[in-house]
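Asks: If you count by this note's numbering, then the sequence shown holds residues 33 to 775, one letter each, in order.
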Amino acid sequence: MDFLFHTLQFSPSHRFFCPLSHSYSPELISSPLLHETMPASASASSTTATATATATVTAPNSDLLTRLSSPDSQVQLKALRELKNRIIGNRTKKLAFVKLGLVPAVAAILASTAQAHTRPDHDSNLLVQSAAALGSFACGFDAGVRAVLDAGACPNLLLLLSHPDDKVVDAGARSLRMIYQSNLAPKCDFLQDKNMEFLLSLLNSENENVNGLGASIIIHSCETMAEKKALCQAGVLKKLVSLLEGSPSQRDNSLESLATIMKNNDEAVSEFADCESGRALSSVIELTKDRNPRTRFLASTCLITIRNTSSCYLQDIGIKTKLVHLLLELHDDPGQVGDEAPFAFSSLISQKVDLQKLALEANAIDKLYNHLQKNHLHPKRFEGLLLALADLCSKLESCRSRFLSLQALNLVSEALIHDSSDVRTAACICLRCVSRSIKNLCAGNFMNEMIVPPLVRLLDDPSTSVQVPDFRMLWSMIIRLIHTYQIANSCRGLCHVAALSAVGNIVVDFTTHRSLFLQCGGVKQLVQLSRSMDSTLRLNALWALRNLMCLADYMCKQEIFMELTASSLASLISDPEPFVQEQALALVRNLVDGCMKSVELAFAEDGIILDAVGRQLQGASRDEIRIQGLYVLSNVASGIEVHKEAVMHQLVPEVDNGAQSLILKFLQSNESQLRIAAVWTIVNLTFPSSPDAFSRFIKLHNAGIVSQVKSMINDPCLDVKLRVRSALGQFTTFSDGSCLPLN
33 MDFLFHTLQF
43 SPSHRFFCPL
53 SHSYSPELIS
63 SPLLHETMPA
73 SASASSTTAT
83 ATATATVTAP
93 NSDLLTRLSS
103 PDSQVQLKAL
113 RELKNRIIGN
123 RTKKLAFVKL
133 GLVPAVAAIL
143 ASTAQAHTRP
153 DHDSNLLVQS
163 AAALGSFACG
173 FDAGVRAVLD
183 AGACPNLLLL
193 LSHPDDKVVD
203 AGARSLRMIY
213 QSNLAPKCDF
223 LQDKNMEFLL
233 SLLNSENENV
243 NGLGASIIIH
253 SCETMAEKKA
263 LCQAGVLKKL
273 VSLLEGSPSQ
283 RDNSLESLAT
293 IMKNNDEAVS
303 EFADCESGRA
313 LSSVIELTKD
323 RNPRTRFLAS
333 TCLITIRNTS
343 SCYLQDIGIK
353 TKLVHLLLEL
363 HDDPGQVGDE
373 APFAFSSLIS
383 QKVDLQKLAL
393 EANAIDKLYN
403 HLQKNHLHPK
413 RFEGLLLALA
423 DLCSKLESCR
433 SRFLSLQALN
443 LVSEALIHDS
453 SDVRTAACIC
463 LRCVSRSIKN
473 LCAGNFMNEM
483 IVPPLVRLLD
493 DPSTSVQVPD
503 FRMLWSMIIR
513 LIHTYQIANS
523 CRGLCHVAAL
533 SAVGNIVVDF
543 TTHRSLFLQC
553 GGVKQLVQLS
563 RSMDSTLRLN
573 ALWALRNLMC
583 LADYMCKQEI
593 FMELTASSLA
603 SLISDPEPFV
613 QEQALALVRN
623 LVDGCMKSVE
633 LAFAEDGIIL
643 DAVGRQLQGA
653 SRDEIRIQGL
663 YVLSNVASGI
673 EVHKEAVMHQ
683 LVPEVDNGAQ
693 SLILKFLQSN
703 ESQLRIAAVW
713 TIVNLTFPSS
723 PDAFSRFIKL
733 HNAGIVSQVK
743 SMINDPCLDV
753 KLRVRSALGQ
763 FTTFSDGSCL
773 PLN
């Protein structure tokens with residue numbers, strides 16, 4: 033069963049126009065100051081703590097705000113220095129100051145000073161300190177970035193880049209770089225000439241911080257292929273290559289920007305590989321040996337981007353092995369590099385069996401598991417480690433076996449209830465990849481109370497990105513064995529015993545786990561998702577319910593059916609989305625496969641389900657839908673006389689208006705699976721022991737169906753030929769040798 037992956041959609045980002053201009057003179061933006069007071073209803077148990085917090089934060093803040101608004105520039109300067117020192121590295125104080133409205137006050141100082149005609153020394157100091165304070169607010173803190181943007185500070189920070197004082201330029205560039213580390217920062221449209229000129233002016237600057245700002249803008253804004261090509265045509269790629277020979281900061285900025293431009297861009301990769309007769313590529317390879325972990329990491333990601341974009345490069349086994357070992361080593365870094373290393377490692381090995389083998393030989397699973405065992409992991413690192421393990425286990429059974437031998441499944445199951453939706457999603461993806469191991473499924477490694485209930489609860493997760501993979505994950509684990517061993521044809525009677533024999537004790541074992549799923553409320557959740565406005569959720573919910581219904585006993589089917597209802601099933605069969613229609617019909621196919629009471633379920637609510645199936649067979653747009661619909665009727669035709677007659681009514685109606693019967697159209701189809709299903713239906717309709725089999729045979733003969741079946745004895749599809757022989761064998765029992773000759 034193929035997996036159905038979710039796509040995340042992101043809202044389009046705003047773009048800005050930012051040419052460097054000395055004549056730019058934006059209007060001052062005044063923002064209201066927001067004040068926050070402590071609630072009067074603080075509990076007695078927290079009185080001491082509240083009093084302390086009020087004494088150390090709230091009172092000085094009010095004084096600080098007053099001093100920032102002072103007409104005396106020296107008072108402002110001291111207040112800015114104090115503010116900057118107090119908020120550096122302290123998110124709690126940053127948030128408190130943002131709520132009190134200090135960001136607009138700082139932005140106002142910057143604006144009034146940046147646009148002043150005179151620039152005495154104390155004005156330069158004000159510019160440096162106000163820019164530094166704004167940068168501190170924005171550093172690693174989205175609420176601070178939003179406050180700085182809302183205060184209209186960006187245009188004035190850009191003005192600082194043309195200031196004659198290098199310290200002011202540095203302060204402005206550093207502050208803007210802090211802003212551009214956030215996704216909230218405005219985008220730069222590189223397709224506009226003036227913006228491209230502005231970017232080139234940044235990259236050509238002799239100031240490292242200004243260079244870094246240019247790199248940050250590229251990393252943040254460059255998204256489309258048109259923009260990447262425009263940057264290459266403007267000479268940005270060559271300029272970045274030249275910065276590889278610069279300072280450590282310039283090297284790092286260049287590596288990250290180059291990776292951004294070359295990602296999925298064959299032309300850029302080719303240009304880079306040929307640049308300076310290959311020396312640029314050699315320089316990046318050499319930088320993987322740098323003393324700085326950040327530089328080694330960025331050089332590695334740049335090489336991974338090149339290899340993933342153009343497979344003709346970096347195929348040397350030595351380079352591959354080096355990247356595997358280097359990235360595993362970088363997982364040990366306690367900071368940002370360690371947080372990002374698992375994602376780079378995933379990008380390196382994803383869908384690449386050769387690299388996954390190299391990683392296994394390098395003990396990657398053991399090393400990642402050891403990191404996973406550490407307490408208080410940052411959610412980003414936790415997510416990355418789970419995804420890295422998922423990629424490692426996605427192809428090779430040896431990797432999955434090693435993963436399970438370490439008892440790593442317990443840690444992954446704990447991640448299913450993590451506070452972070454990203455971690456929960458990564459845990460599900462990891463479980464899906466590990467569950468591809470048939471041997472381990474047989475051993476029952478996945479069927480326990482530690483995993484199933486959390487997965488079921490995640491079906492109702494508030495995050496859609498978690499919902500979509502989770503129920504697919506659950507049933508990729510529990511149903512995979514049935515799909516592996518089950519005979520493709522599930523028509524009742526002729527092959528049903530063989531299918532049950534193949535599944536054997538496994539099916540008996542699954543009875544317990546179906547009960548667990550039902551007890552956890554899994555069916556109710558899936559039924560609710562099948563009614564979602566999101567077609568992807570409907571599709572996946574039906575996929576799971578279809579598998580849950582497969583080979584289930586009547587009591588289980590009845591419980592699921594009562595939750596679904598006949599009218600909802602009929603509606604889903606007629607869903608606007610063809611893929612949903614197909615899954616709904618496949619679900620009904622499994623529903624009516626079994627005992628007579630199961631077949632009776634198709635006739636609930638005056639046969640509304642059967643009528644919906646008939647309509648789909650008449651007007652379906654895809655053969656896959658017709659195949660599933662015809663198998664529904666084939667299974668129904670295995671029932672008693674009233675069931676068989678209902679199928680005859682759908683396929684060979686009584687009224688003769690000259691139109692060709694549906695069953696004849698299907699027998700003449702170019703699609704072999706449709707022909708197989710059609711012949712199976714005829715076999716079930718003409719089963720000799722049925723009381724009215726002969727009368728149905730006469731109707732089929734008069735409609736030209738018998739002669740069509742006879743003509744298919746040499747069908748090019750072997751399965752069709754075998755079913756045709758079964759049908760012809762039954763036909764001979766209805767001929768007395770004279771009235772209906774078969775030869």
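Idealized CB from N, CA, C, for every residue including glycine.
#1: Please classify Phe-726: is it buried, with 16 or more other beta-carbons within 10 angstroms of its beta-carbon, or exposed?
#2: Roughly how many whole angstroms lie between the Cα atoms of Leu-223 and Gln-147?
#3: Write down every uninterrupted run of the alpha helix (DSSP H) in the region 140-187 whose length is 4 residues or greater and which is fully enclosed by it, in chain order.
#4: Is Cys-474 helix, strand or coil when you go by DSSP?
#5: Assign Lys-6 to one of three DSSP states: helix, strand, or coil.
#6: Would you kindly report the start and end of the unbroken alpha helix (DSSP H) that includes Glu-673?
#7: Need the endpoints of the alpha helix (DSSP H) that Gln-590 sits in, please.
#8: Could you check the C-alpha separation between Ala-291 and Ser-603 for me, to the nearest Å?
#9: Since Ala-598 and Ile-640 are thought to touch, with beta carbons under 8 Å apart, how far apart are those beta carbons, to the nearest angstrom?
#10: Assign Tyr-212 to one of three DSSP states: helix, strand, or coil.
#11: When you compare only the Cα positions, how much space is there between Arg-647 and Leu-619?
#12: So the candidates are Gln-705, Leu-732, His-403 and Ile-714; which of them puts its Cα closest to the Cα of Leu-665?
#13: How is Ala-81 classed by DSSP in three states: helix, strand or coil?
#14: Could you spell out the range, first to last residue, of the alpha helix (DSSP H) harbouring Lys-260?
#15: Would you call Pro-748 buried or exposed, if buried means 16 or more other Cβ atoms sit within 10 Å of its Cβ?
#16: Could you check if Met-680 is buried or exposed, using at least 16 other CB atoms within 10 Å of its CB as the buried criterion?
#17: Compute the Euclidean distance between the alpha carbons of Asp-386 and Thr-765, then round it to the nearest angstrom.
#18: Have a look at Leu-191 and Gly-133 and give me their C-alpha separation to the nearest angstrom.
#19: How would you call Thr-718, buried or exposed, if buried means at least 16 neighbouring beta carbons within 10 angstroms?
#20: Would the region 255-266 count as touching the region 295-311 if we require 3 or more Cβ pairs under 8 Å?
#21: First and last residue of the alpha helix (DSSP H) that includes Lys-270?
#22: Please list, in chain order, all residues of the same chain as Leu-419 whose beta carbon is under 8 Å from its beta carbon, the five residues on each side excluded.
#23: Taking 8 Å as the threshold, find out whether the region 570-584 comes into contact with the region 614-632 through three or more Cβ pairs.
#24: Is the distance from the Cβ of Glu-240 to the Cβ of Gln-213 below 8 Å?
#25: For Ile-14, which of Gly-671, Arg-464 and Pro-610 has the nearest alpha-carbon?
#26: Measure the C-alpha to C-alpha separation of Gly-167 and Phe-304 and round it to an integer number of angstroms.
#27: How many Å lie between Arg-178 and Leu-216 at the Cα?
#28: Which first and last residues belong to the alpha helix (DSSP H) in which Ser-739 is found?
#29: Touch check for the region 734-754 and the region 691-705: three-plus C-beta pairs under 8 Å?
#30: To the nearest angstrom, how far is it from the Cα of Asp-724 to the Cα of Gln-613?
#31: Could you name the residues of the same chain whose beta carbon sits closer than 8 Å to that of Lys-399, not counting the 5 residues immediately before and after it, in chain order?
#32: Quick one: using the 10 Å Cβ neighbour count with 16 as the cut-off for buried, is His-195 buried or exposed?
#33: Is Ser-437 buried or exposed, if buried means 16 or more other CB atoms sit within 10 Å of its CB?
#34: Does Cys-627 pass the burial test, meaning 16 or more other C-beta atoms within 10 Å, or should it be called exposed?
#35: In angstroms with no decimal places, state the Cα-to-Cα distance between Glu-637 and Arg-339.
Replies: Put simply:
#1: Your numbering for residue 726 matches position 694 in the sequence shown. Under this definition Phe-726 is an exposed residue.
#2: By 1-based counting over the sequence shown, the position of residue 223 is 191. By 1-based counting over the sequence shown, the position of residue 147 is 115. Roughly 29 Å between the two C-alpha positions.
#3: 153-170 and 174-182
#4: Counted from its first residue, the sequence shown places residue 474 at position 442. Bear in mind that the predicted position of Cys-474 carries a pLDDT of just 48, short of 50, making it too unreliable to give a figure here.
#5: The chain is shown from 33 up to 775; residue 6 falls before or after that span and cannot be answered.
#6: In the sequence shown, counting from the first residue as 1, residue 673 sits at position 641. That run of the alpha helix (DSSP H) goes 673-683.
#7: Position 558 of the sequence shown holds residue 590. 586-596 is the span of the alpha helix (DSSP H), which, as asked, contains Gln-590.
#8: Here residue 291 refers to the residue found at position 259 when the sequence shown is read from its first residue. Here residue 603 refers to the residue found at position 571 when the sequence shown is read from its first residue. Between the alpha carbons of Ala-291 and Ser-603 lies a gap of roughly 49 Å.
#9: For the purposes of this step, residue 598 is identified with residue 566 of the sequence shown, where counting begins at 1. For the purposes of this step, residue 640 is identified with residue 608 of the sequence shown, where counting begins at 1. The pair is a contact, with the Cβ atoms about 5 Å apart (cut-off 8 Å).
#10: Counting from 1 along the sequence shown, the entry for residue 212 is found at position 180. DSSP places Tyr-212 outside both helix and strand once states are collapsed to three, so it counts as coil.
#11: The count along the sequence shown starts at 1 and reaches residue 647 at position 615. The count along the sequence shown starts at 1 and reaches residue 619 at position 587. Those two C-alpha atoms are separated by around 17 Å.
#12: Translated into positions along the sequence shown, residue 665 becomes position 633. Nearest option by C-alpha distance: Ile-714.
#13: Within the sequence shown, numbered from 1, the residue matching residue 81 stands at position 49. Any reading at Ala-81 is ruled out, since the residue's pLDDT is 31, under 50, leaving its predicted position unreliable.
#14: Start at 1 with the first residue of the sequence shown, and residue 260 comes out as number 228. Unbroken alpha helix (DSSP H) run through Lys-260: 257-265.
#15: Along the sequence shown, read from residue 1 onward, the residue named residue 748 stands at position 716. It counts as exposed.
#16: Here the question's residue 680 lines up with position 648 in the sequence shown. Burial call: buried.
#17: One-based indexing of the sequence shown puts residue 386 at position 354. One-based indexing of the sequence shown puts residue 765 at position 733. Their Cα atoms are separated by approximately 60 Å.
#18: Here residue 191 refers to the residue found at position 159 of the sequence shown. Here residue 133 refers to the residue found at position 101 of the sequence shown. Going by the C-alpha atoms only, they are around 23 Å apart.
#19: Taking the first residue of the sequence shown as position 1, residue 718 is located at position 686. Thr-718 should be labelled buried.
#20: yes
#21: Locating residue 270 in the sequence shown gives position 238, counting from the first residue. 268-275 is the span of the alpha helix (DSSP H), which, as asked, contains Lys-270.
#22: To locate residue 419, count along the sequence shown from 1; it is residue 387. Hits under 8 Å: Pro-374, Phe-375, Ser-378, Ala-458, Ile-461 and Cys-462.
#23: yes
#24: For the purposes of this step, residue 240 is taken as residue 208 along the sequence shown, with counting starting at 1. For the purposes of this step, residue 213 is taken as residue 181 along the sequence shown, with counting starting at 1. For Glu-240 and Gln-213, no; Cβs fall outside 8 Å.
#25: Because the chain is modelled from 33 through 775, residue 14 falls outside the range shown and cannot be assessed.
#26: Reading the sequence shown from its first residue, position 135 is the one you call residue 167. Reading the sequence shown from its first residue, position 272 is the one you call residue 304. Near 34 Å, if we compare the C-alpha coordinates of Phe-304 and Gly-167.
#27: Taking the sequence shown and counting its residues from 1, the one referred to as residue 178 is at position 146. Taking the sequence shown and counting its residues from 1, the one referred to as residue 216 is at position 184. One Cα belongs to Arg-178, the other to Leu-216, and the distance between them is close to 7 Å.
#28: Your numbering for residue 739 matches position 707 in the sequence shown. Residues 737-742.
#29: yes
#30: In the sequence shown, counting from the first residue as 1, residue 724 sits at position 692. In the sequence shown, counting from the first residue as 1, residue 613 sits at position 581. Cα to Cα, the separation comes out at about 33 Å.
#31: Position 367 of the sequence shown holds residue 399. Result list for Lys-399: Leu-360 and His-363, in chain order.
#32: For this step, residue 195 is matched to residue 163 along the sequence shown. Burial call: buried.
#33: Within the sequence shown, numbered from 1, the residue matching residue 437 stands at position 405. Exposed, since its Cβ has fewer than 16 Cβ neighbours within 10 Å.
#34: For the purposes of this step, residue 627 is taken as the residue at position 595 of the sequence shown. Exposed: under 16 other Cβ atoms inside 10 Å.
#35: The residue given as residue 637 occupies position 605 in the sequence shown. The residue given as residue 339 occupies position 307 in the sequence shown. Rounded to whole angstroms, the gap between the alpha carbons of Glu-637 and Arg-339 is 59 Å.
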